[in-house]
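**Q** Residue numbers (my numbering): 1 to 497. Note that the Cβ used here is the ideal one computed from N, Cα and C, for glycine as well. Quick one: this structure, given as structure tokens, is what I'll be asking you about.
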Amino acid sequence: MAEPEPPSVAALSLASTATEPVKKAGATEQEINPWDVQAAVDEEGNVQQFDYTAISKKWATKLIDDALLQRFERVTGHKPHRWLRRGLFFSHRDLELILDMYERGEDFLLYTGRGPSSDSMHIGHTIPFEFTKYLQDVFDVPLVIMLTDDEKFLFKENLKQHEVYEFSRDNAKDIISLGFDVKKTFMFIDSEFFTSGFNRHFSLNTTEFEKLITNNQVRGAFGFDGSTNIGSNAFAAKQCVAAFASSYPFIFGEEQTSYFRSKKLAAVPCLIPCAIDQDPYFRLVRENCSRMDQPSPKPALIHSKFLTALQGAGGKMSASNPNSAIFMADTEKQIKNKINKHAFSGGQETLELHQKHGGNPDIDVPYQYLTYFEDDDEKLEKFAKDYRAGTMLTGDMKKECIAMMTAYTKKFQEARTKVTDETLEEFLRPRKLEWKGNPNPTKKPVVESKAGEGAGEASATGEDGKPLTKNQMKKLAKAAELEKKKREKEEAAKAKA
Numbered sequence: 001m002a003e004p005e006p007p008s009v010a011a012l013s014l015a016s017t018a019t020e021p022v023k024k025a026g027a028t029e030q031e032i033n034p035w036d037v038q039a040a041v042d043e044e045g046n047v048q049q050f051d052y053t054a055i056s057k058k059w060a061t062k063l064i065d066d067a068l069l070q071r072f073e074r075v076t077g078h079k080p081h082r083w084l085r086r087g088l089f090f091s092h093r094d095l096e097l098i099l100d101m102y103e104r105g106e107d108f109l110l111y112t113g114r115g116p117s118s119d120s121m122h123i124g125h126t127i128p129f130e131f132t133k134y135l136q137d138v139f140d141v142p143l144v145i146m147l148t149d150d151e152k153f154l155f156k157e158n159l160k161q162h163e164v165y166e167f168s169r170d171n172a173k174d175i176i177s178l179g180f181d182v183k184k185t186f187m188f189i190d191s192e193f194f195t196s197g198f199n200r201h202f203s204l205n206t207t208e209f210e211k212l213i214t215n216n217q218v219r220g221a222f223g224f225d226g227s228t229n230i231g232s233n234a235f236a237a238k239q240c241v242a243a244f245a246s247s248y249p250f251i252f253g254e255e256q257t258s259y260f261r262s263k264k265l266a267a268v269p270c271l272i273p274c275a276i277d278q279d280p281y282f283r284l285v286r287e288n289c290s291r292m293d294q295p296s297p298k299p300a301l302i303h304s305k306f307l308t309a310l311q312g313a314g315g316k317m318s319a320s321n322p323n324s325a326i327f328m329a330d331t332e333k334q335i336k337n338k339i340n341k342h343a344f345s346g347g348q349e350t351l352e353l354h355q356k357h358g359g360n361p362d363i364d365v366p367y368q369y370l371t372y373f374e375d376d377d378e379k380l381e382k383f384a385k386d387y388r389a390g391t392m393l394t395g396d397m398k399k400e401c402i403a404m405m406t407a408y409t410k411k412f413q414e415a416r417t418k419v420t421d422e423t424l425e426e427f428l429r430p431r432k433l434e435w436k437g438n439p440n441p442t443k444k445p446v447v448e449s450k451a452g453e454g455a456g457e458a459s460a461t462g463e464d465g466k467p468l469t470k471n472q473m474k475k476l477a478k479a480a481e482l483e484k485k486k487r488e489k490e491e492a493a494k495a496k497a
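Okay, here's the thing in structure tokens:
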């Protein structure tokens, strides 16, 4: 039975509905969309942690469970990333279908993006890209990375076009520093690509998709109103069709100057790793992709949680608030200062109380950061156990976090110095990509069966389950006969020896 789709984005709202309980005065629900992420506040004014189970239920996504992780490892031959094992990437849409395709040896497109609002990314920004690189390494498939300088210009009143373009180039170098393979990665900055001459099919897809979605759908998905500029309304279609393989024929070595888009490429699925706040875009795609002239399958998604702001529950790192985040360009001194002064602690108010009652790692920001960056599961579990027991102090936890964050940013900064303008231009160059996919796909055997009651000859089905033609069966029989003669010849040679 097919999984139910979420409510139509035309009617979807994160505000209270008539079926939800009435909140007390002063209480607010969590607000999550691509441009506004706010945690819930209770009636006493306390900021709450994000309720990811609730948003998954409201948006009808599926939680990633142990069974899916076991299948992931079985199909790919790779241990699931620590972020999958620890539930930091917690939700998905149709990941099991991507595993089915990979198992059969079929290609799919990886797609992710970044909206640059500053000249340096913070560690929260690196999470989806680190995870995407892991997926690229595991699946060995083509990847598209979209840098939406136009989006940030449209949504940020204080940004100028030339500023956000420069941010895009700086952020692109940051992303490259994480180790992506240039042979199978195409990266583009919207304002460049859309005027490059290689965007014809992307633009055709955009125009067609714009015709399929209404203002009401966009408003329902993103909370726009009458004061929203028309560019913001129109941008949604661009990010949506970026998930269509047919938008990039050159990646697959296909003709990109033709007016007609490729039906074959339109059928290539897409997997999108992203933070949960980006899901509204791709619900629009999933609702409308089958209505395209060249229909595409619904894109699959893997959703991440937000990396908590230094100040703790209910916030996420923000480039606009330097004290909420550790930036990839921060020095060791800056990192130490931010964690010691601004990182919310789950410890007790005094040493005596902490040793007596222990701390709470679930709300301790330094510990939360370690869950992202400490690969050793046993070491991490010991930190939590000792912290709860009061034998590991707040200062000890912060010290571990400072060491981990410093090592991570230093490694990044060393790689960043090696990314030149020439390196960037190669990633930005529209070209055919190279990938291998699954080296050991599972092949369905040819199955012979009687054609019917009283039939004198057998019928057969191929790997796709469809009946073979007489000509195909003759070729199979001939190949089998040749193989049989070859074996007999080899056995005769062995007998003589």
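Rank Val164, Leu271, His125 by C-alpha distance to the C-alpha of Met101 and give the top, closest one.
**A** Each of Val164, Leu271, His125 was checked against the Cα of Met101, and the nearest Cα belongs to Leu271.
**Q** Quick one: grab the DSSP three-state call for Gln161.
**A** Gln161: helix per DSSP, three-state reduction.
**Q** Could you name the residues of the same chain whose beta carbon sits closer than 8 Å to that of Phe260, not counting the 5 residues immediately before and after it, in chain order?
**A** none
**Q** Report yes if the CB atom of Gln239 is closer than 9 Å to the CB atom of Met146, and no otherwise.
**A** yes
**Q** Less than 9 Å separating the beta-carbons of Gln30 and Ala54?
**A** yes
**Q** I need the straight-line Cα distance from His78 to Asp137, nearest angstrom please.
**A** Each residue's alpha carbon lies about 10 Å from the other.
**Q** Could you check the C-alpha separation between Pro445 and Asp66 for me, to the nearest Å?
**A** Because Pro445 carries a pLDDT of 48, less than 50, the predicted location of this residue cannot be relied on, and the following value inherits that uncertainty. One C-alpha to the other measures close to 30 Å.
**Q** Can the beta-carbon of Val37 be found closer than 9 Å to that of Asp277?
**A** yes
**Q** What do you reckon, are the CB atoms on Val164 and Lys173 nearer than 9 Å?
**A** no
**Q** Would you report the Cα separation of Gln49 and Thr112, rounded to the nearest angstrom?
**A** 26 Å
**Q** So for Arg114, helix, strand or coil by DSSP?
**A** strand
**Q** When DSSP builds the beta bridges, which residues end up paired with Arg93?
**A** Leu301
**Q** How many Å lie between Met328 and Glu43 at the Cα?
**A** 37 Å
**Q** Could you work out which residue in Ser177, Ile213, His125, Ser247 is closest to Ser203 when comparing CA atoms only?
**A** Ser247
**Q** Let me know the secondary structure DSSP gives His78 once reduced to three states.
**A** In the structure shown, His78 sits in coil (DSSP, three-state: anything other than H, G, I, E or B).
**Q** Flag this pair as yes or no: are the beta carbons of Asp140 and Pro430 separated by less than 9 Å?
**A** no
**Q** Let me make sure I understand the geometry here. Which of Glu349, Asp377, Ile326 has the alpha-carbon closest to that of Ile402?
**A** Of the listed residues, the one whose Cα sits closest to Ile402 is Ile326.
**Q** Got a sec, what are the start and stop residues for the beta strand (DSSP E) Leu143 sits in?
**A** Taken as a continuous stretch (DSSP letters only), the beta strand (DSSP E) holding Leu143 covers 143-147.
**Q** Taking 8 Å as the threshold, find out whether the segment 411-427 comes into contact with the segment 375-386 through three or more Cβ pairs.
**A** no
**Q** Which first and last residues belong to the beta strand (DSSP E) in which Met187 is found?
**A** 185-189
**Q** Taking 9 Å as the threshold (C-beta atoms), are Ala266 and Pro109 in contact?
**A** The question names Pro, yet the displayed sequence has Leu at residue 109. It is not a contact, given that the beta carbons lie outside the stated cut-off.
**Q** Does the segment 301-312 come within contact of the segment 361-371, defined as at least 3 CB pairs closer than 8 Å?
**A** yes
**Q** In whole angstroms, what is the alpha-carbon distance linking Leu99 and Val241?
**A** 23 Å
**Q** Take Lys485 and list the residues in its own chain whose beta-carbon comes closer than 7 Å to its own, dropping the five residues that flank it on each side.
**A** none
**Q** Taking the C-alpha atoms as reference points, what is the distance between Pro116 and Thr76?
**A** 33 Å
**Q** Near Phe344, which residues of its chain fall below 6 Å by C-beta distance, leaving aside the five closest residues on each side in sequence?
**A** Gln311, Gly312, Val365
**Q** Going by DSSP in three states, Pro273 sits in which element: helix, strand or coil?
**A** strand
**Q** So which of Phe282, Leu424, Ala275 has the shortest CA-CA distance to Lys183?
**A** It is Leu424 whose Cα lies nearest to the Cα of Lys183.
**Q** Going by the CB atoms, is the gap between His357 and Phe90 shorter than 9 Å?
**A** no
**Q** Going by beta carbon distance, what residues of the same chain come within less than 6 Å of Asp190, once the five residues before and after it are set aside?
**A** Thr148, Asp149, Asp150
**Q** Can you tell me where the alpha helix (DSSP H) with Phe129 in it begins and where it stops?
**A** Element bounds for Phe129: 123-139.
**Q** Can you tell me whether DSSP reads Leu109 as helix, strand or coil?
**A** strand
**Q** What does a CB cutoff of less than 7 Å around Asn193 pick up in its chain, not counting 5 residues either side in sequence?
**A** Note that residue 193 is Phe in the sequence shown here, rather than Asn. The answer, listed in chain order, is Asn199.
**Q** Please classify Gly226 as buried or exposed, where buried requires at least 16 neighbouring CB atoms within 10 angstroms.
**A** Exposed is the call here.
**Q** Quick check on Leu69: does DSSP put it in helix, strand or coil?
**A** helix
**Q** Quick one: give me the first and last residue of the alpha helix (DSSP H) that Gly220 is part of.
**A** 215-222
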